[in-house]
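A.B. asks: Once you've had a glance at the structure underneath, I'll fire off some questions.
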Amino acid sequence: MSDTTEELLKDILQELKGTNKNSRLWDLQDIADYFKLAKNSVSNRLLCKPAFPKAIKIEGVGKRWKPSEVKAYAERHKIRRVA
Numbered sequence: 003m004s005d006t007t008e009e010l011l012k013d014i015l016q017e018l019k020g021t022n023k024n025s026r027l028w029d030l031q032d033i034a035d036y037f038k039l040a041k042n043s044v045s046n047r048l049l050c051k052p053a054f055p056k057a058i059k060i061e062g063v064g065k066r067w068k069p070s071e072v073k074a075y076a077e078r079h080k081i082r083r084v085a
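As structure tokens, then:
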């Protein structure tokens, strides 16, 4: 491996280390975890609501949601998370 490639890989690794859960899109499991619900419940009770944030469809990955939009929806609709 050349020095340039190795340096590039180190830079990419540093960038990835700086990424945290709040800076990425959420999948269905993340939403279920946030609301303390089963994935099936999220699908049946939340995703079907017209006001729920629209998913971003990523080819080969599936549907993802912006965490800020999901949290704003919960706040607007006064959905309480079970502790």
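Counting in the numbering used here, the sequence shown runs from 3 upward without gaps.
Glycine included, each C-beta is placed from N, C-alpha and C at the ideal position.
These numbers were taken from a predicted model, which means no experiment stands behind them.
(1) Is DSSP giving K12 helix, strand or coil here?
(2) Have a look at the DSSP bridge pairing and note the partners of I60.
(3) Would you kindly work out how many angstroms separate the C-alpha atoms of L30 and K65, rounded to a whole number?
(4) Going by alpha carbons, who is nearest to P55 out of K68, D13 and S43?
(5) Around the Cβ of V44, are there at least 16 other Cβ atoms within 10 angstroms (buried) or fewer (exposed)?
(6) Should L10 be labelled buried (16 or more other beta-carbon atoms within 10 Å of its own) or exposed?
C.D. replies: Answer, in terms of the structure:
(1) helix
(2) G64
(3) 8 Å
(4) Among K68, D13 and S43, the Cα nearest to that of P55 is on K68.
(5) buried
(6) exposed
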